[in-house]
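Chemist: Have a look at this one.
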Amino acid sequence: MEQFKESPAMYAIAFGVIAFIAAQSFFFIVKSWKHGKELGIKRETLMNTVTSSILFSIAPAISILVTVFVLAKALGVILPWIRLTVIGNLAYETVAAETALNNLGGSLSKEITDMKQFSTVVWAMTIGSVFPLTFLPIVCKKLQKKIGGAVSKDERTAKMGDILSAAAFIGIISAFIARAINGCTIATEPVLDAAGNEMFDEAGKKITQKIITESSGALSILTLIFAIIFMLIFMTLCRKVKALEKFESFAMPLAMFAAMACAVIFSKILPPSIADFTWYEVGKAVTGNG
Amino acid sequence: MADKKNYFDRVHIWGTVWNYAALLMMMMVPVMMSIILKTWPSLNIIGKVVATLAPLYWVTGIIEVVTYVPMLGAGGTYLSFVTGNISNLKLPCGLNAMENAKVRPNTEEGEVISTISIAVSSLTTTIVIAVGVLAFAKVFSTASDNQTFKAAFSNVLPALFGALGASYFAKHWRLGIAPIICGVIVLLIAPSTGVGILMFVTIVVSIIGAVLIYHDLFFPLLKGIFGKKKNK
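Here it is, written out as structure tokens:
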């Protein structure tokens, strides 16, 4: 049933997207190359640009690939593949998918098996991320001509832009960190009888109840702490040890996987009373909004 | 000078055409998937999600455009906004190429080098991801179904945002304190607050915090803006 996320038709869509990106990239390479020659830029300089850009991109591309696989558990491999190939950015895609699933009472921690949920996530991820494309051509030319020169010269404005972008991004990350510390997810699920069948009221309406489906607790907090520790260690090593400098872009995916490995180890070695501890009892019915 | 104007104008025309073609192509992805699955999302839920995400994404989108355009050049900007991963890949790659070629952003030479670099980077990334997905998808799928890994995959989000957060907090640790504390307090009061609403709160707190922490940078600007308004 879950094969719908990775059917041949889905692969065809992914290949279509790749063909588009390849065509656009080739178009701009050919046009720029031609103009570069007109300007008298040496062939050697242009070739060096190509080689260094390939080398520069391989490591971050592998880290993006890793995040495709991370999201693939819930969403199948095709959707994250497409979303992280076009516009995609791990943080935004995760936020969009999780927000959509929250509205449907689900979460990215579980595999999506419902087509409607999947379809909603696809639309949410797309609509959320295409916005810059709607106005970019309108403002790009004006910005480059009028503000462009000033911003690149004015360090103060550039610094303010950097800080505001970082603050917005840290705001996003903080919400997820707070949820890993003490959040829970409540979903509406059907009430089942002793035989495990769905129950209906006199009007024939399905009887449902709100239950806690997921909660933060010991394991989520430990994973969070270890992800931070691993990342800080890897970053420090990459900056202090000259031979490791080029591996800096691997630090994020490595820290993430190391923290996930810790979650497995803790779930095996810690007593169940600690490893399974959550702030809110998973499976418990609740009233109101929590 | 006339040639320079012509080249930049041409890049903007090409960029505009490719940009809107990409927008159309992007929108076709959910349309095609919904047709294939014969399942359309309810407008009600999409409306809710867009209402939650739009203020966040769209404000960030505007900030990104204003921040990146001057650094990437025209061709580089059009390519980067379609292929994504700007701050972690396209921007450093383009800047690195311009530095290696000893050309400056916003010059015609800079435009050529930056565009080639970002286009090559987009192709490389697309190829690496495609090859990786095709080669390792099956292996990954088997591993993730294993019960032993359940604890790992249930904790993907804490692992991901812990690692991502650490890299940002290392640079801007002062900015992280207020939004995290605020997020935790909101969740203590209402533990099941959805991530969309929570994020809105933490972003507002984070930006206010940033303006206060870097007041020496922001206050003269705010003073200038409000001063001008008063004068009017």
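As you go down the protein sequences, you meet chains A and B in turn. The opening position of the first sequence corresponds to residue 3 in the numbering used here, with each subsequent residue numbered one higher. The opening position of the second sequence corresponds to residue 814 in the numbering used here, with each subsequent residue numbered one higher. Using N, Cα and C, we set each Cβ at its ideal position, and we do this for glycine too. All of these numbers come straight from a predicted model, not from anything done at the bench.
(1) Measure from the C-beta of lysine 1036 (chain B) to each C-beta in chain A and report whether the shortest distance is under 9 Å.
(2) Tell me whether threonine 210 (chain A) sits in a helix, a strand or coil according to DSSP, three-state version.
(3) Would you report the Cα separation of leucine 224 (chain A) and glycine 978 (chain B), rounded to the nearest angstrom?
(4) What does the alpha-carbon distance come out to for the pair glycine 358 (chain A) and phenylalanine 29 (chain A)?
(5) Please return the same chain residues whose Cβ sits closer than 7 Å to the Cβ of glycine 923 (chain B), not counting the five positions on each side in sequence.
(6) Indicate whether the contact test is met: 3 or more Cβ pairs, each with one atom in the stretch 72–79 of chain A and one in the stretch 172–188 of chain A, closer than 8 Å.
(7) State the DSSP-derived secondary structure class of glycine 219 (chain A), mapped to helix, strand or coil.
(8) Please confirm if leucine 904 (chain B) has its CB atom under 9 Å from at least one CB of chain A.
(9) Rounded to whole angstroms, how far is the Cβ of phenylalanine 232 (chain A) from the Cβ of alanine 189 (chain A), which I believe are closer than 8 Å?
(10) Count Cβ pairs between the stretch 839–856 of chain B and the stretch 106–120 of chain A that sit closer than 8 Å; are there 3 or more?
(11) Please classify phenylalanine 268 (chain A): does DSSP put it in a helix, a strand, or coil?
(12) Along the stretch 177–194 of chain A, where does the CB come closer than 9 Å to a CB of chain B? Name the residues.
(13) Helix, strand or coil for valine 284 (chain A)? Go by DSSP, reduced to three states.
(14) Inspect the beta-carbon positions of tryptophan 827 (chain B) and phenylalanine 133 (chain A) and report whether they are closer than 9 Å.
(15) Quick one: which chain A residues come within Cβ less than 8 Å of phenylalanine 1032 (chain B)?
(16) Applying a beta-carbon distance threshold of less than 9 Å, which residues of chain A neighbour alanine 864 (chain B)?
(17) Return no unless some Cβ of chain A is closer than 9 Å to the Cβ of histidine 985 (chain B).
(18) For glutamine 5 (chain A), return the contacting residues in chain B, with the cut-off set at a CB-CB distance below 8 Å.
(19) List the whole-angstrom C-beta distance separating threonine 896 (chain B) from isoleucine 23 (chain A), where the pair is believed to meet the contact cut-off of C-beta under 8 Å.
(20) Determine the contact status of valine 70 (chain A) and methionine 838 (chain B), defining contact as a CB-CB distance below 9 Å.
(21) Using 10 angstroms around the beta-carbon of lysine 33 (chain A), count the other beta-carbons present and answer buried if the total reaches 16, otherwise exposed.
(22) Which residues of chain A have a Cβ atom closer than 8 Å to the Cβ of asparagine 898 (chain B), listed in chain order?
(23) With distance defined between alpha-carbon atoms, name the residue in B:Lys951, B:Leu908, B:Pro971, B:Asn913 nearest to alanine 220 (chain A).
(24) Valine 832 (chain B) versus chain A: which residues are under 7 Å apart at the beta carbon?
(25) Give me the Cα-Cα distance between asparagine 104 (chain A) and methionine 884 (chain B), rounded to the nearest whole angstrom.
(26) Hey, would you say isoleucine 80 (chain A) sits closer than 9 Å to alanine 943 (chain B), going by beta carbons?
(27) Which stretch, first to last residue, makes up the alpha helix (DSSP H) that contains asparagine 898 (chain B)?
(28) Of all the CB atoms in chain A, is at least one closer than 9 Å to the CB of histidine 825 (chain B)?
(29) Per the DSSP calculation, glutamate 200 (chain A) is bridged to which residue(s)?
(30) In the DSSP output, what is alanine 189 (chain A) paired with across the bridge?
(31) Between glutamine 294 (chain A) and the rest of its own chain, which residues show a CB-CB distance below 6 Å, the 5 nearest in sequence each way excluded?
(32) Is it the case that the Cβ atoms of isoleucine 1016 (chain B) and alanine 177 (chain A) are separated by a distance below 9 Å?
(33) Does DSSP put leucine 110 (chain A) in a helix, in a strand, or in coil?
(34) Under 8 Å by Cβ, that's how I've got leucine 1034 (chain B) and methionine 162 (chain A) pegged, so tell me the actual separation to the nearest angstrom.
(35) For leucine 256 (chain A), which residues from the same chain have a beta carbon less than 8 Å from its beta carbon, with the 5 sequence-adjacent residues on both sides left out?
Modeler: For this structure:
(1) no
(2) strand
(3) 15 Å
(4) Missing from the structure shown is residue 358 (chain A); chain A here goes from 3 to 292 and no further.
(5) Gly886, Met911, Val916, Arg917
(6) no
(7) strand
(8) no
(9) Contact flag wrong, Cβ pair sits at about 32 Å.
(10) yes
(11) helix
(12) Ala177, Phe178, Ile179, Ala180, Arg181, Ala182, Ile183, Asn184, Gly185, Cys186, Thr187, Ile188
(13) coil
(14) no
(15) Per Cβ cutoff of 8 Å: no residues; phenylalanine 1032 (chain B) is ~11 Å from chain A at best.
(16) Those do not exist, as alanine 864 (chain B) stays about 10 Å from chain A at its closest Cβ, beyond 9 Å.
(17) yes
(18) Under the 8 Å cutoff, chain B gives no residues; its nearest Cβ is about 11 Å from glutamine 5 (chain A).
(19) 6 Å
(20) no
(21) buried
(22) Pro62, Ile66, Leu86, Gly90, Asn91
(23) B:Pro971
(24) Per the sequence shown, residue 832 (chain B) should be read as asparagine rather than valine. Residues of chain A passing the Cβ test: Leu135, Leu138, Pro139.
(25) 37 Å
(26) no
(27) Careful: asparagine 898 (chain B) lies outside any alpha helix (DSSP H) and carries neither H nor E.
(28) yes
(29) A:Leu194
(30) A:Ile213
(31) Past the boundaries of the shown model lies residue 294 (chain A); chain A is included only from 3 to 292, so the question cannot be answered.
(32) yes
(33) coil
(34) 7 Å
(35) Phe232, Phe236
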